[in-house]
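Participant: In the working numbering, the protein residues as written are 1 to 266.
1. The alpha helix (DSSP H) with residue 218 in it runs from where to where?
2. Give the DSSP-derived three-state secondary structure of residue 94 in the structure shown.
3. Hey, out of 54, 198 and 36, whose CA is closest to residue 14's CA?
4. With respect to the beta strand (DSSP E) encompassing residue 162, which residues constitute its N-terminal and C-terminal limits?
5. Looking at the unbroken beta strand (DSSP E) that takes in residue 116, where does it start and where does it end?
6. What whole-angstrom Cβ distance do residue 76 and residue 91 have, given they're in contact under 8 Å?
7. Go ahead and pull the three-state DSSP assignment for residue 11.
8. With distances taken between CB atoms, is the gap from residue 66 to residue 28 smaller than 9 Å?
9. Does DSSP put residue 151 in a helix, a strand or coil?
10. Would you kindly work out how many angstroms separate the C-alpha atoms of residue 89 and residue 261, rounded to a whole number?
11. Which partner residues of residue 79 appear in the DSSP bridge assignment?
12. On the three-state DSSP scale, how would you describe residue 247?
13. Would a C-beta distance cut-off of 9 Å place residue 203 and residue 255 closer than the cut-off?
14. Can you give the Cα-Cα distance for residue 177 and residue 238, rounded to whole angstroms?
15. Secondary structure at residue 89, three-state DSSP: helix, strand or coil?
16. Does DSSP put residue 43 in a helix, a strand or coil?
Written as structure tokens, this is what we have:
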């Protein structure tokens, strides 16, 4: 089936596309993270082109983005006869695996073992900065950090205390979920709500295009805020409704086998 002969596909791509904030290298990272994250998984250059060009991205832009990703150590490329193949490096696989639980988690986190770390202004700041590199910590202000899990060791300059209950003020909710992020989430929700159920006949490349667009849009929402339970969410946060819509559509677009991209004539 030719992609141009499927009005539902064309309409859905237009609905999900975000050309104003389209970084091609980031789209490719989303694509590999969803379709080819496992060790040994590879995608041919022709398949990559068939998946990405319906988004309005030109082949030249794909080549430039691949060059950047190779330079940054994310992707390696090789020749297979007259064709090119691309695959994630070990670094790229590790980076993708690190965020996979956040992207594909079907419910928000619900941690209960909270603790707070407080540093004197100036002293102990490096320790707090190191803690904030971990996914289970969020900054309250310049000298205070909130985390869940066991209290770390070697906190000589830090006041550490377990917290049995937390009351989250509105100013912290707004800091953790700023207006621009809430609006991006609402826009994705509205776009997903307008998509009709997919037809039964989609090519593997079309499925790859749609999955990449969905994951890319959702990834740009879910990775921009800490993974926190609902008590931390502001009233205008629609992330959990959006999460439900994301996976409802992904479930209707099963991940194609990589071999299908090149074995079928499209």
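Cβ coordinates follow ideal geometry from the N, Cα and C atoms, glycine included.
Note that the coordinates shown come from a computational prediction; the quantities given were computed from them, not determined experimentally.
Facilitator: So, from the listed chains and residues:
1. Looking at the DSSP string, the run of the alpha helix (DSSP H) that includes residue 218 is 204-222.
2. In this structure, residue 94 counts as helix in the three-state DSSP scheme.
3. Residue 54 is the option with its Cα nearest to residue 14.
4. Residue range 158-163 is occupied by the beta strand (DSSP E) that includes residue 162.
5. DSSP places residue 116 in the uninterrupted beta strand (DSSP E) bounded by 114-119.
6. Taking C-beta atoms under 8 Å as the contact rule, residue 76 and residue 91 fail to qualify, at a distance of about 10 Å.
7. Residue 11 falls in the helix class under three-state DSSP.
8. Taking the C-beta atoms as reference points, residue 28 is found nearer than 9 Å to residue 66.
9. When DSSP states are grouped into helix, strand and coil, residue 151 belongs to the coil group.
10. If I take the Cα positions, the gap works out to 21 Å.
11. Bridge partners of residue 79: 84.
12. Annotated three-state conformation of residue 247 is helix, per DSSP.
13. Taking 9 Å as the Cβ cut-off, residue 203 and residue 255 do not qualify as a contacting pair.
14. Approximately 11 Å between the Cα atoms of the pair.
15. Assigned with DSSP and collapsed to three states, residue 89 falls in coil, not helix or strand.
16. DSSP, read as helix, strand or coil, puts residue 43 in strand.
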